[in-house]
Amino acid sequence: MILASDLMVNYLDDLKDEIDEYNPDWVIIDTAGQLELFAFRETGPLIASALGFSDTQRSVNFLFDSNFVLRPNGFISTLLLAASVQFRFRNISQLNILSKVDLIDEDQIEMVINWSQDFDALAESTNDREKGLIRELSMLISEVFIQMGSTSELIPSSTREERGLDILFGHLQRVFDSDESKFY
275 MILASDLMVN YLDDLKDEID EYNPDWVIID TAGQLELFAF RETGPLIASA LGFSDTQRSV
335 NFLFDSNFVL RPNGFISTLL LAASVQFRFR NISQLNILSK VDLIDEDQIE MVINWSQDFD
395 ALAESTNDRE KGLIRELSML ISEVFIQMGS TSELIPSSTR EERGLDILFG HLQRVFDSDE
455 SKFY
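Numbering (my numbering), first residue to last: 275 to 458.
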């Protein structure tokens, strides 16, 4: 997988030509399932930049797996990964998406969304629900996010239930500053 990711750089022009044949309004590129293969190798940002077409806007869409973020330490570690990816792709807007919300209940969705908006609530949940070293590390990391302020909004979505896709689309329209769209 590492070799394939690195070799992709050699075929970017071919890939762009093939995509361009479809004359798409939008192109969504799902990268390798292992984040480090794309985001943390030198080729990742190069590929992301190269796949821009003339004045095409790009956005990184970072997925928070709904099952993984139900505990404070899972949410915080995902938040750290999202921040790291945003730092790596600093010239590209990033949207954070709470994926697969059809697999969790409404109270859990509300809890995770609240954590993303209120880091004091996250710190309180961490203090209540975590123990030992995980608790201490999570509290320290939570404090970093409290000091940094807000991250981008966490958008709950489910492709299975087609939930939140309109909101995601709206966020993409704003990221791309697109007042002219054939979709509205």
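Just so you know, even glycine gets a beta-carbon here, dropped at the ideal spot from N, CA and C. Computed from a predicted model, the values in this text were never measured in an experiment.
Figure out for me which residue from L289, V334, S351, L396 has the closest Cα to the Cα of L325. L289
How is Q421 classed by DSSP in three states: helix, strand or coil? helix
Quick check on DSSP: helix, strand or coil for P430? strand
In the DSSP assignment, find the beta strand (DSSP E) that holds D339 and state where it starts and stops. 333–339
Starting from N401, trace the alpha helix (DSSP H) both ways and give me its first and last residue. 393–403
Quick check: S279 and L311, are their CB atoms within less than 8 Å of each other? yes
From the DSSP output, read off the bridge partner residues of I371. L337, I429
Residues of its chain near I366, where Cβ-Cβ distance is below 7 Å and the 5 sequence neighbours each way are ignored: A322, R332, S333, V334
Cβ separation of T400 and S390, assumed to be a contact under 8 Å, to the nearest whole Å: Rounded, the Cβ-Cβ distance is 14 Å, inconsistent with contact.
Buried or exposed: M385, going by 16 or more other Cβ atoms within 10 Å of its Cβ? buried
Pair within 8 Å by beta-carbon distance, F342 and I371: no
From E404 to F393, what distance separates their C-alpha atoms? 15 Å
Pairwise C-alpha distance: A313 and D287: 20 Å
Could you tell me how far apart the beta carbons of L355 and L309 are, in whole angstroms, since I believe they sit closer than 8 Å? 7 Å
Burial state of P346 (16 or more Cβ within 10 Å): buried
Please state whether DSSP places R364 in a helix, a strand or coil. coil
Quick check on the burial criterion: 16 or more other C-beta atoms within 10 angstroms. Buried or exposed for L407? exposed
How close, in whole Å, do the beta carbons of V375 and S432 come, if the pair is a contact with beta carbons under 8 Å? 5 Å
Excluding the 5 residues preceding and the 5 following D381 in the sequence, name in chain order all residues of the same chain whose CB lies nearer than 6 Å to its CB. none
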